[in-house]
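> Position one of the sequence shown corresponds to residue 318 (my numbering), numbered consecutively onward.
Using N, Cα and C, we set each Cβ at its ideal position, and we do this for glycine too.
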Amino acid sequence: MLATRAALSWAEGAAMAERAAALGAEVVRLQGDRLTGLPDTYRDAKSTLALVVAPPSRRRPQPIPPSADWRFDLATGCPAHCQYCYLAGSLAGPPIIRAYANLPEILTALPPLLGQGQVTSRNAARAAEGTTFEGSCYTDPLGLEHITGALGTAIRFFGAWDAAVQFRFTTKYDGVAPLLGLPHARRTRIRISVNARGAERFEGGAPRMAARLSALRQAALAGYRIGLTVAPILPVPNWQAEYDRLLADCAAALSGVPDPDLTVELFTHRFTEGSRAVLRGWYPGSALPMDEAGRTRKTTKFGGTKHVFPKQRMMELRAALEASLARHLPQARQLYWT
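Okay, here's the thing in C-alpha coordinates:
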(Lines of atoms letter the chains of each structure in order from A and count residues from 1; the text may use other names and numbers.)
(Lines give C-alpha, C1' and ligand atoms only; values in the text may rest on other atoms or scores of the structure.)
Protein backbone atom coordinates (compact mmCIF):
# COMPACT_ATOMS: atom_id res chain seq x y z
CA MET A 1 0.00 0.00 0.00
CA LEU A 2 1.19 3.47 -0.95
CA ALA A 3 -0.60 5.91 1.37
CA THR A 4 -0.62 9.63 0.67
CA ARG A 5 -0.44 12.14 3.49
CA ALA A 6 -3.88 13.56 2.67
CA ALA A 7 -5.45 10.10 2.70
CA LEU A 8 -4.02 9.32 6.12
CA SER A 9 -5.49 12.56 7.50
CA TRP A 10 -8.96 11.04 7.09
CA ALA A 11 -10.08 8.68 9.87
CA GLU A 12 -11.31 6.28 7.18
CA GLY A 13 -7.92 6.37 5.45
CA ALA A 14 -6.01 5.76 8.66
CA ALA A 15 -8.27 2.76 9.37
CA MET A 16 -7.61 1.35 5.89
CA ALA A 17 -3.85 1.61 6.43
CA GLU A 18 -4.16 -0.12 9.81
CA ARG A 19 -6.18 -2.97 8.33
CA ALA A 20 -3.69 -3.43 5.50
CA ALA A 21 -0.77 -3.53 7.92
CA ALA A 22 -2.59 -6.03 10.15
CA LEU A 23 -3.02 -8.29 7.14
CA GLY A 24 0.71 -8.23 6.47
CA ALA A 25 0.89 -5.65 3.69
CA GLU A 26 3.82 -3.28 3.48
CA VAL A 27 2.38 0.21 4.05
CA VAL A 28 4.54 2.97 2.59
CA ARG A 29 3.51 6.31 4.10
CA LEU A 30 4.36 8.95 1.53
CA GLN A 31 5.60 12.39 2.58
CA GLY A 32 3.16 14.17 0.30
CA ASP A 33 0.14 13.58 -1.92
CA ARG A 34 1.94 12.75 -5.15
CA LEU A 35 2.11 9.05 -5.91
CA THR A 36 5.70 8.02 -6.45
CA GLY A 37 7.39 4.71 -7.00
CA LEU A 38 4.55 3.25 -9.04
CA PRO A 39 5.43 -0.15 -10.53
CA ASP A 40 5.66 -0.55 -14.29
CA THR A 41 5.04 -4.28 -14.63
CA TYR A 42 1.58 -5.79 -14.65
CA ARG A 43 2.40 -8.24 -11.86
CA ASP A 44 3.68 -5.59 -9.46
CA ALA A 45 0.96 -3.09 -10.35
CA LYS A 46 -1.79 -5.63 -9.64
CA SER A 47 -0.41 -6.15 -6.14
CA THR A 48 -0.19 -2.43 -5.34
CA LEU A 49 -2.96 -0.43 -3.68
CA ALA A 50 -2.69 3.36 -3.56
CA LEU A 51 -4.60 5.00 -0.72
CA VAL A 52 -5.54 8.46 -1.98
CA VAL A 53 -8.13 11.23 -1.70
CA ALA A 54 -10.66 11.37 -4.53
CA PRO A 55 -10.34 14.75 -6.27
CA PRO A 56 -13.45 16.83 -7.05
CA SER A 57 -13.65 15.37 -10.57
CA ARG A 58 -13.88 11.86 -9.10
CA ARG A 59 -16.45 12.91 -6.50
CA ARG A 60 -18.86 14.18 -9.13
CA PRO A 61 -21.46 11.45 -9.82
CA GLN A 62 -22.00 10.64 -13.50
CA PRO A 63 -24.97 9.11 -15.40
CA ILE A 64 -24.42 5.41 -16.05
CA PRO A 65 -27.11 4.01 -18.40
CA PRO A 66 -28.40 1.36 -18.73
CA SER A 67 -27.31 0.22 -15.25
CA ALA A 68 -28.41 3.04 -12.97
CA ASP A 69 -29.16 6.74 -12.67
CA TRP A 70 -25.74 7.64 -11.30
CA ARG A 71 -22.35 6.11 -10.59
CA PHE A 72 -19.95 7.09 -7.85
CA ASP A 73 -16.53 5.62 -7.14
CA LEU A 74 -15.34 4.06 -3.89
CA ALA A 75 -12.16 2.93 -5.65
CA THR A 76 -10.75 2.28 -9.12
CA GLY A 77 -8.98 -0.85 -10.30
CA CYS A 78 -9.58 -4.48 -9.40
CA PRO A 79 -7.48 -7.23 -7.79
CA ALA A 80 -8.78 -9.99 -10.09
CA HIS A 81 -7.07 -11.11 -13.31
CA CYS A 82 -9.90 -11.39 -15.82
CA GLN A 83 -8.53 -11.73 -19.33
CA TYR A 84 -11.48 -9.79 -20.82
CA CYS A 85 -11.37 -6.93 -18.26
CA TYR A 86 -13.07 -3.81 -19.65
CA LEU A 87 -11.00 -1.64 -17.31
CA ALA A 88 -8.08 -2.25 -19.68
CA GLY A 89 -9.69 0.22 -22.07
CA SER A 90 -11.10 2.53 -19.41
CA LEU A 91 -8.28 3.26 -16.94
CA ALA A 92 -4.95 4.62 -18.12
CA GLY A 93 -1.54 3.57 -16.85
CA PRO A 94 -0.42 0.54 -14.86
CA PRO A 95 -3.33 -1.38 -13.28
CA ILE A 96 -2.77 -0.36 -9.67
CA ILE A 97 -5.80 -0.09 -7.41
CA ARG A 98 -6.73 3.30 -5.97
CA ALA A 99 -8.88 3.30 -2.83
CA TYR A 100 -10.46 6.57 -1.73
CA ALA A 101 -10.09 7.64 1.89
CA ASN A 102 -12.50 10.60 1.82
CA LEU A 103 -15.68 8.51 1.90
CA PRO A 104 -17.75 11.17 3.73
CA GLU A 105 -17.11 13.68 0.93
CA ILE A 106 -18.01 11.11 -1.72
CA LEU A 107 -21.29 10.12 -0.06
CA THR A 108 -22.47 13.63 0.83
CA ALA A 109 -22.47 14.48 -2.90
CA LEU A 110 -25.32 12.00 -3.49
CA PRO A 111 -28.48 13.38 -1.76
CA PRO A 112 -28.90 16.39 -4.11
CA LEU A 113 -29.34 13.88 -6.98
CA LEU A 114 -32.48 12.33 -5.51
CA GLY A 115 -35.06 11.98 -8.28
CA GLN A 116 -32.76 13.53 -10.89
CA GLY A 117 -31.66 10.52 -12.95
CA GLN A 118 -32.91 9.28 -16.32
CA VAL A 119 -32.63 5.49 -15.95
CA THR A 120 -34.82 4.58 -12.97
CA SER A 121 -35.90 7.91 -11.47
CA ARG A 122 -38.09 8.71 -14.46
CA ASN A 123 -38.58 5.32 -16.09
CA ALA A 124 -41.96 3.73 -15.37
CA ALA A 125 -40.60 0.20 -15.93
CA ARG A 126 -37.96 0.60 -13.21
CA ALA A 127 -39.46 3.35 -11.04
CA ALA A 128 -39.87 0.96 -8.12
CA GLU A 129 -36.08 0.93 -7.75
CA GLY A 130 -36.06 4.64 -6.91
CA THR A 131 -33.02 6.75 -7.67
CA THR A 132 -30.22 4.24 -8.27
CA PHE A 133 -26.53 4.67 -7.55
CA GLU A 134 -23.95 2.27 -9.04
CA GLY A 135 -20.85 1.69 -6.93
CA SER A 136 -18.86 -0.78 -9.05
CA CYS A 137 -18.28 0.88 -12.39
CA TYR A 138 -14.47 0.96 -12.16
CA THR A 139 -13.77 -1.58 -9.43
CA ASP A 140 -14.97 -4.69 -7.67
CA PRO A 141 -15.55 -3.19 -4.21
CA LEU A 142 -16.15 -6.50 -2.43
CA GLY A 143 -12.68 -7.67 -3.45
CA LEU A 144 -11.25 -4.73 -1.48
CA GLU A 145 -13.69 -4.65 1.44
CA HIS A 146 -11.38 -6.44 3.89
CA ILE A 147 -9.06 -3.42 3.61
CA THR A 148 -11.31 -0.48 2.75
CA GLY A 149 -14.56 -1.13 4.61
CA ALA A 150 -16.06 1.21 2.02
CA LEU A 151 -18.98 -1.04 1.09
CA GLY A 152 -20.07 -1.28 4.70
CA THR A 153 -19.92 2.50 5.00
CA ALA A 154 -22.00 2.97 1.83
CA ILE A 155 -24.56 0.32 2.82
CA ARG A 156 -25.11 1.95 6.21
CA PHE A 157 -25.39 5.37 4.53
CA PHE A 158 -28.12 4.17 2.15
CA GLY A 159 -29.83 2.20 4.91
CA ALA A 160 -30.21 5.39 6.93
CA TRP A 161 -31.34 7.45 3.89
CA ASP A 162 -35.11 7.46 4.27
CA ALA A 163 -35.99 7.94 0.61
CA ALA A 164 -36.70 6.00 -2.58
CA VAL A 165 -33.05 5.19 -3.31
CA GLN A 166 -31.00 2.12 -4.07
CA PHE A 167 -27.28 1.42 -3.86
CA ARG A 168 -26.15 -1.33 -6.21
CA PHE A 169 -22.87 -3.02 -6.93
CA THR A 170 -21.71 -6.12 -8.78
CA THR A 171 -18.93 -8.48 -7.73
CA LYS A 172 -17.14 -11.69 -8.57
CA TYR A 173 -16.08 -12.16 -4.95
CA ASP A 174 -17.78 -14.12 -2.22
CA GLY A 175 -16.73 -12.37 1.00
CA VAL A 176 -20.19 -11.13 1.93
CA ALA A 177 -20.03 -12.21 5.60
CA PRO A 178 -19.16 -8.71 6.98
CA LEU A 179 -22.16 -7.24 5.13
CA LEU A 180 -24.86 -9.66 6.23
CA GLY A 181 -25.74 -8.04 9.55
CA LEU A 182 -25.62 -4.43 8.40
CA PRO A 183 -28.75 -2.20 8.62
CA HIS A 184 -29.29 -2.07 4.86
CA ALA A 185 -33.08 -1.48 4.99
CA ARG A 186 -33.31 -3.24 1.58
CA ARG A 187 -31.81 -0.18 -0.08
CA THR A 188 -28.80 -2.12 -1.40
CA ARG A 189 -28.81 -4.60 -4.27
CA ILE A 190 -25.91 -7.06 -4.29
CA ARG A 191 -25.37 -8.40 -7.83
CA ILE A 192 -23.14 -11.40 -8.43
CA SER A 193 -21.26 -11.65 -11.73
CA VAL A 194 -21.66 -15.17 -13.13
CA ASN A 195 -20.62 -17.02 -16.25
CA ALA A 196 -20.66 -20.42 -17.92
CA ARG A 197 -18.05 -22.95 -16.80
CA GLY A 198 -16.21 -22.64 -20.10
CA ALA A 199 -15.60 -18.94 -19.41
CA GLU A 200 -14.24 -19.38 -15.88
CA ARG A 201 -10.77 -20.06 -17.31
CA PHE A 202 -10.61 -16.36 -18.21
CA GLU A 203 -11.36 -15.18 -14.64
CA GLY A 204 -8.09 -15.64 -12.78
CA GLY A 205 -8.01 -14.69 -9.12
CA ALA A 206 -11.81 -14.69 -8.74
CA PRO A 207 -13.72 -17.23 -6.63
CA ARG A 208 -15.27 -20.13 -8.52
CA MET A 209 -18.94 -20.08 -9.45
CA ALA A 210 -20.13 -22.28 -6.58
CA ALA A 211 -18.64 -19.85 -4.04
CA ARG A 212 -20.27 -16.87 -5.76
CA LEU A 213 -23.66 -18.56 -5.81
CA SER A 214 -23.31 -19.38 -2.12
CA ALA A 215 -22.65 -15.67 -1.50
CA LEU A 216 -25.75 -14.81 -3.55
CA ARG A 217 -27.87 -17.05 -1.35
CA GLN A 218 -26.40 -15.65 1.85
CA ALA A 219 -27.11 -12.08 0.73
CA ALA A 220 -30.67 -12.94 -0.25
CA LEU A 221 -31.33 -14.65 3.08
CA ALA A 222 -29.99 -11.55 4.84
CA GLY A 223 -32.74 -9.54 3.16
CA TYR A 224 -30.69 -7.80 0.50
CA ARG A 225 -32.16 -7.22 -2.92
CA ILE A 226 -30.05 -9.28 -5.28
CA GLY A 227 -29.10 -9.54 -8.92
CA LEU A 228 -27.25 -11.60 -11.49
CA THR A 229 -24.85 -10.02 -13.93
CA VAL A 230 -24.27 -12.61 -16.66
CA ALA A 231 -21.10 -11.30 -18.24
CA PRO A 232 -19.41 -11.42 -20.56
CA ILE A 233 -21.51 -13.87 -22.55
CA LEU A 234 -19.22 -15.87 -24.83
CA PRO A 235 -19.95 -18.63 -27.40
CA VAL A 236 -17.88 -21.17 -25.44
CA PRO A 237 -18.06 -24.82 -26.58
CA ASN A 238 -21.59 -26.15 -26.15
CA TRP A 239 -22.61 -22.68 -25.01
CA GLN A 240 -26.38 -23.25 -25.09
CA ALA A 241 -26.18 -26.10 -22.59
CA GLU A 242 -23.50 -24.39 -20.49
CA TYR A 243 -25.49 -21.17 -19.99
CA ASP A 244 -28.64 -23.16 -19.36
CA ARG A 245 -26.76 -25.11 -16.67
CA LEU A 246 -25.51 -21.85 -15.18
CA LEU A 247 -29.00 -20.40 -14.81
CA ALA A 248 -30.28 -23.70 -13.41
CA ASP A 249 -27.52 -23.53 -10.80
CA CYS A 250 -28.54 -19.94 -9.98
CA ALA A 251 -32.13 -21.08 -9.49
CA ALA A 252 -30.98 -23.90 -7.21
CA ALA A 253 -28.93 -21.46 -5.13
CA LEU A 254 -32.06 -19.36 -4.52
CA SER A 255 -34.38 -22.27 -3.80
CA GLY A 256 -36.57 -21.52 -0.79
CA VAL A 257 -35.40 -17.90 -0.46
CA PRO A 258 -38.43 -15.68 0.27
CA ASP A 259 -38.85 -12.58 -1.93
CA PRO A 260 -35.32 -12.28 -3.36
CA ASP A 261 -36.36 -9.39 -5.67
CA LEU A 262 -34.04 -10.76 -8.34
CA THR A 263 -32.84 -8.75 -11.35
CA VAL A 264 -30.77 -10.02 -14.29
CA GLU A 265 -28.45 -8.08 -16.59
CA LEU A 266 -27.05 -9.73 -19.73
CA PHE A 267 -23.79 -8.48 -21.28
CA THR A 268 -22.20 -9.94 -24.39
CA HIS A 269 -18.44 -9.77 -24.87
CA ARG A 270 -17.01 -6.83 -26.82
CA PHE A 271 -13.65 -5.11 -27.12
CA THR A 272 -12.03 -2.02 -28.58
CA GLU A 273 -8.72 -1.81 -30.41
CA GLY A 274 -7.20 -0.14 -27.36
CA SER A 275 -8.48 -2.65 -24.81
CA ARG A 276 -7.39 -5.59 -26.97
CA ALA A 277 -3.86 -4.22 -27.22
CA VAL A 278 -3.65 -3.73 -23.45
CA LEU A 279 -5.13 -7.15 -22.66
CA ARG A 280 -2.79 -8.95 -25.03
CA GLY A 281 0.08 -7.23 -23.27
CA TRP A 282 -1.20 -8.30 -19.87
CA TYR A 283 -2.17 -11.85 -20.88
CA PRO A 284 -0.03 -12.84 -23.88
CA GLY A 285 -1.01 -16.51 -23.64
CA SER A 286 -4.75 -15.95 -23.44
CA ALA A 287 -7.09 -18.02 -25.59
CA LEU A 288 -9.87 -15.43 -25.33
CA PRO A 289 -11.27 -14.98 -28.87
CA MET A 290 -10.65 -11.39 -29.96
CA ASP A 291 -10.25 -11.76 -33.72
CA GLU A 292 -12.02 -9.20 -35.87
CA ALA A 293 -13.06 -11.89 -38.36
CA GLY A 294 -15.80 -13.11 -36.04
CA ARG A 295 -17.03 -9.65 -35.03
CA THR A 296 -18.93 -6.65 -36.31
CA ARG A 297 -17.58 -3.14 -35.92
CA LYS A 298 -19.96 -0.82 -34.08
CA THR A 299 -19.67 2.93 -33.49
CA THR A 300 -20.19 4.04 -29.89
CA LYS A 301 -22.12 7.13 -28.83
CA PHE A 302 -18.78 8.81 -28.13
CA GLY A 303 -17.55 8.30 -31.70
CA GLY A 304 -15.25 5.37 -30.97
CA THR A 305 -15.57 1.84 -32.30
CA LYS A 306 -15.97 -1.53 -30.62
CA HIS A 307 -16.10 -5.08 -31.92
CA VAL A 308 -19.29 -6.98 -31.06
CA PHE A 309 -20.77 -10.27 -32.18
CA PRO A 310 -22.53 -10.25 -35.60
CA LYS A 311 -26.27 -9.72 -35.61
CA GLN A 312 -27.14 -13.37 -36.24
CA ARG A 313 -24.95 -14.60 -33.38
CA MET A 314 -26.40 -11.90 -31.11
CA MET A 315 -29.91 -13.09 -31.92
CA GLU A 316 -28.97 -16.71 -31.20
CA LEU A 317 -27.33 -15.84 -27.89
CA ARG A 318 -30.20 -13.65 -26.76
CA ALA A 319 -32.91 -16.13 -27.68
CA ALA A 320 -31.16 -18.96 -25.83
CA LEU A 321 -30.33 -16.97 -22.68
CA GLU A 322 -33.79 -15.46 -22.40
CA ALA A 323 -35.41 -18.88 -22.89
CA SER A 324 -33.24 -20.30 -20.10
CA LEU A 325 -34.16 -17.39 -17.84
CA ALA A 326 -37.85 -17.97 -18.42
CA ARG A 327 -37.39 -21.67 -17.71
CA HIS A 328 -35.29 -21.50 -14.56
CA LEU A 329 -35.87 -18.03 -13.08
CA PRO A 330 -39.34 -16.91 -14.18
CA GLN A 331 -39.61 -14.53 -11.22
CA ALA A 332 -36.52 -12.53 -12.29
CA ARG A 333 -36.75 -9.09 -13.89
CA GLN A 334 -34.46 -8.80 -16.90
CA LEU A 335 -33.23 -5.21 -16.93
CA TYR A 336 -31.49 -5.21 -20.29
CA TRP A 337 -29.49 -7.06 -22.92
CA THR A 338 -26.40 -5.46 -24.39
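Assuming residue 366 and residue 416 are in contact, meaning their beta carbons sit under 8 Å apart, how far apart are those beta carbons, in whole angstroms?
Numbered from 1 along the sequence shown, position 49 holds the residue referred to as residue 366. Numbered from 1 along the sequence shown, position 99 holds the residue referred to as residue 416. Confirmed, about 6 Å.
> Please list the terminal residues of the continuous beta strand (DSSP E) segment that includes residue 483.
If you number the sequence shown from 1, residue 483 lands on position 166. Its beta strand (DSSP E) spans residues 482-488.
> For residue 521, which beta-bridge partners are listed by DSSP?
Looking up residue 521 in the sequence shown gives position 204. DSSP, once it has assigned bridges, lists 398 as partnering residue 521.
> Quick one: what's got a C-beta closer than 7 Å to residue 495's C-beta in the same chain, skipping five residues either side?
Position 178 of the sequence shown holds residue 495. Contacts found: 462 and 469.
> Drop a sphere of 10 angstroms on the beta-carbon of residue 329, count the other beta-carbons inside from all chains shown, and report buried for 16 or more, exposed for fewer.
Locating residue 329 in the sequence shown gives position 12, counting from the first residue. Under this definition residue 329 is a buried residue.
> How far does the alpha helix (DSSP H) with residue 417 in it extend, from its first residue to its last?
Position 100 of the sequence shown, counted from the first residue, corresponds to residue 417. Per DSSP, residue 417 belongs to no alpha helix (DSSP H); it is in the beta strand (DSSP E), 414-417.
> In this structure, how does DSSP classify residue 470 when only helix, strand and coil are distinguished?
For the purposes of this step, residue 470 is taken as the residue at position 153 of the sequence shown. Helix.
> Report the three-state DSSP secondary structure of residue 618 (helix, strand or coil).
The count along the sequence shown starts at 1 and reaches residue 618 at position 301. Reduced to three states, the DSSP call for residue 618 is coil.
> Are the CB atoms of residue 337 and residue 318 within a distance shorter than 7 Å?
Mapped onto the sequence shown, residue 318 falls at position 1. Mapped onto the sequence shown, residue 337 falls at position 20. Against a cut-off of 7 Å, the Cβ pair of residue 337 and residue 318 comes out as a contact.
> Give the DSSP-derived three-state secondary structure of residue 583 in the structure shown.
On the sequence shown, residue 583 is found 266 positions in, with the first residue counted as 1. Residue state, collapsed to three classes: strand.
> Under 8 Å Cβ to Cβ from residue 557, same chain only, skipping five residues before and after it: list those, please.
Translated into the one-based positions of the sequence shown, residue 557 becomes position 240. 637, listed in sequence order.
> Hey, could you find the ends of the alpha helix (DSSP H) residue 633 is sitting in?
In the sequence shown, residue 633 corresponds to position 316, counting from 1. Per DSSP, residue 633 belongs to the alpha helix (DSSP H) from 628-645.
> Assess, as a yes-or-no matter, whether the region 538-558 is touched by the region 576-593 under the definition of 3 or more beta carbon pairs within less than 8 Å.
Yes, they touch.
> Closest to residue 509 by CA distance: which of 502, 488, 554 and 503 is it?
Counting from 1 along the sequence shown, the entry for residue 509 is found at position 192. Nearest of 502, 488, 554 and 503 to residue 509, Cα basis: 488.
> Does the distance from the C-beta atom of residue 650 to that of residue 580 stay below 7 Å?
Here residue 650 corresponds to residue number 333 of the sequence shown, with the count starting at 1. Here residue 580 corresponds to residue number 263 of the sequence shown, with the count starting at 1. Closer than 7 Å, so yes.
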